[in-house]
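In UniProt numbering, the protein residues as written are 1 to 105.
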C-alpha cells in the first residue's frame, strides 16, 4: 500500500456517515513479500526512504504540536492579562471608594 492508496483510503466517504475510524474489515491487509522481493525491501535506499518518511512525519507532527502549544500559551496569557486588568481595576475602585469615604467623613 503506497502513500496515495493510504490517502485515498483515509479520505473515503466514511466521514460523511459520521464514522471517522473504519472498522477492521475495511482495512486492507498488506501482502507478505515474496522471497525475491526481500532484496528490494532491505535495499539501503529503500530503508533510507522509509526512515526519511518517518522522520518527515514526526517533524510535521511536532510542528503541529508546537503550533497547538503556542495557541494554548497565547490563550493562557490572554486570561492572565484579563485577570490582572480586572484585579487592577478592582483595586483602583477600592482606592476611590476609600478616598470618597474619607472625604465624606
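Just so it is clear, CB atoms sit at the ideal spot from N, CA and C, and this is done for glycine as well. Keep in mind it's a predicted model, so treat the numbers as computed, not measured.
In this model, residue 55 and residue 62 are separated by some 10 angstroms (Cα to Cα).
Within its own chain, no residue has a Cβ closer than 8 angstroms to the Cβ of residue 82 once the five positions on either side in sequence are excluded. Residue 73 and residue 87 have their alpha carbons spaced roughly 21 angstroms apart. Look at the segment 46-102 and you find no whole run of beta strand (DSSP E) that is 3 residues long or longer.
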